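Chemist: The opening position of the sequence shown corresponds to residue 1 in UniProt numbering, with each subsequent residue numbered one higher.
Below: one structure in structure tokens.
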Amino acid sequence: MLEGEFGLVQLSTGDLLRAAVAAGTEAGKAAKAVMEAGELVSDDIVINILRDRLAEPDCARGVILDGFPRTTVQAQALDALLAESGQGINAAISLEVDDAAMVTRISGRFTCGDCGEGYHDTFKAPKIAETCDKCGGTGMKRRADDNAETVASRLVAYHEQTAPLIAYYTSKGVLKSIDAMGDIDAIAAELGAIVKQATA
Numbered sequence: 001m002l003e004g005e006f007g008l009v010q011l012s013t014g015d016l017l018r019a020a021v022a023a024g025t026e027a028g029k030a031a032k033a034v035m036e037a038g039e040l041v042s043d044d045i046v047i048n049i050l051r052d053r054l055a056e057p058d059c060a061r062g063v064i065l066d067g068f069p070r071t072t073v074q075a076q077a078l079d080a081l082l083a084e085s086g087q088g089i090n091a092a093i094s095l096e097v098d099d100a101a102m103v104t105r106i107s108g109r110f111t112c113g114d115c116g117e118g119y120h121d122t123f124k125a126p127k128i129a130e131t132c133d134k135c136g137g138t139g140m141k142r143r144a145d146d147n148a149e150t151v152a153s154r155l156v157a158y159h160e161q162t163a164p165l166i167a168y169y170t171s172k173g174v175l176k177s178i179d180a181m182g183d184i185d186a187i188a189a190e191l192g193a194i195v196k197q198a199t200a
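Next comes the structure, spelled out in structure tokens:
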């Protein structure tokens with residue numbers, strides 16, 4: 001919704017890593033070697049891949065970063081990267097959600113293997129079980145890590161590593177918080193208002 005309304009590009013670090021590996025860029029080759037060794041890709045490699053992607057023409061109007069930064073060290077590296085081209089963060093948006101609700105939301109989600117349409121056991125089940133409302137496909141997929149135990153573990157990591165970003169971006173005057181426990185249309189409207197102000 002934000003991409004379409006504001007002409008921004010959503011950048012997910014996971015997608016960027018996979019694309020860089022597939023394209024065989026220098027940063028992609030470095031990432032591939034690390035991933036094949038079963039290790040985590042370093043912040044330096046991620047920043048280099050992000051630098052390459054931000055230089056592409058479709059990013060000129062701005063981007064929405066998804067899944068990065070996750071730590072204050074990454075946030076500082078991102079600030080340094082953006083400063084190279086006279087850019088900066090316009091808004092850091094914190095979607096405030098109850099931990100128990102996160103477990104329910106994530107552990108119940110699945111997608112159509114054919115078209116990618118998203119579903120949820122509780123909140124958005126397909127009209128006909130195991131059949132996509134959008135394309136009629138029957139190959140529903142769940143991520144192996146979308147289970148209550150893994151989500152609870154991710155939340156511990158979030159509170160230890162990522163939650164400090166709230167103070168970091170508050171100190172820079174760019175943090176915006178949204179109560180993400182409410183109606184999706186209201187949340188979308190609030191997100192849109194923040195992005196509109198940030199890109200004005």
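Where a beta carbon is used, it is the ideal one built from N, C-alpha and C, also for glycine.
Every value quoted in this text rests on a predicted model; they were computed, and no experiment measured them.
In the DSSP assignment, find the beta strand (DSSP E) that holds Arg109 and state where it starts and stops.
Modeler: Per DSSP, Arg109 belongs to the beta strand (DSSP E) from 109 to 112.
Chemist: Using CA atoms only, rank isn't needed, just tell me which of Gln197, Ala129, Val41 is closest to Arg18.
Modeler: Answer by Cα proximity: Val41.
Chemist: So is Leu20 buried or exposed if we call it buried at 16+ other beta carbons inside 10 Å?
Modeler: Looking at the sequence shown, residue 20 is not Leu but Ala. Counting Cβ neighbours within 10 Å, Ala20 comes out buried, since at least 16 surround it.
Chemist: So Leu54 packs on Ala180, CB below 8 Å; how close in whole Å?
Modeler: So it is not a contact: roughly 27 Å between Cβ atoms.
Chemist: On the three-state DSSP scale, how would you describe Met140?
Modeler: Three-state result, Met140: strand.
Chemist: Grab me the residues of Thr25's own chain with a C-beta within less than 7 Å of its C-beta, minus the 5 sequence neighbours each way, in chain order.
Modeler: Around Thr25: Asp52.
Chemist: Check the C-beta distance from Lys141 over to Thr104 and give it rounded, since I have them as a contact under 8 Å.
Modeler: Not confirmed; about 19 Å, so no contact.
Chemist: Give the single residue among Val151, Arg143, Thr71, Ala33 whose Cα lies nearest to the Cα of Asp98.
Modeler: The candidate whose alpha carbon is nearest that of Asp98 is Val151.
Chemist: So the beta strand (DSSP E) Ile128 belongs to, where does it begin and stop?
Modeler: Unbroken run through Ile128: none, as it is neither H nor E.
Chemist: Gly118 lies in the beta strand (DSSP E); which residues open and close that run?
Modeler: 118 to 120 is the span of the beta strand (DSSP E), which, as asked, contains Gly118.
Chemist: Can you look up Asp66 in the DSSP assignment and give me helix, strand or coil?
Modeler: Strand.
Chemist: Compare the beta carbon distance of Val46 and Thr72 with 7 Å and say whether it is the shorter of the two.
Modeler: Result no, Cβ atoms of Val46 and Thr72 do not sit closer than 7 Å.
Chemist: Taking a contact to mean a Cβ-Cβ separation below 7 Å, would you say Thr170 touches Arg70 in this structure?
Modeler: No.
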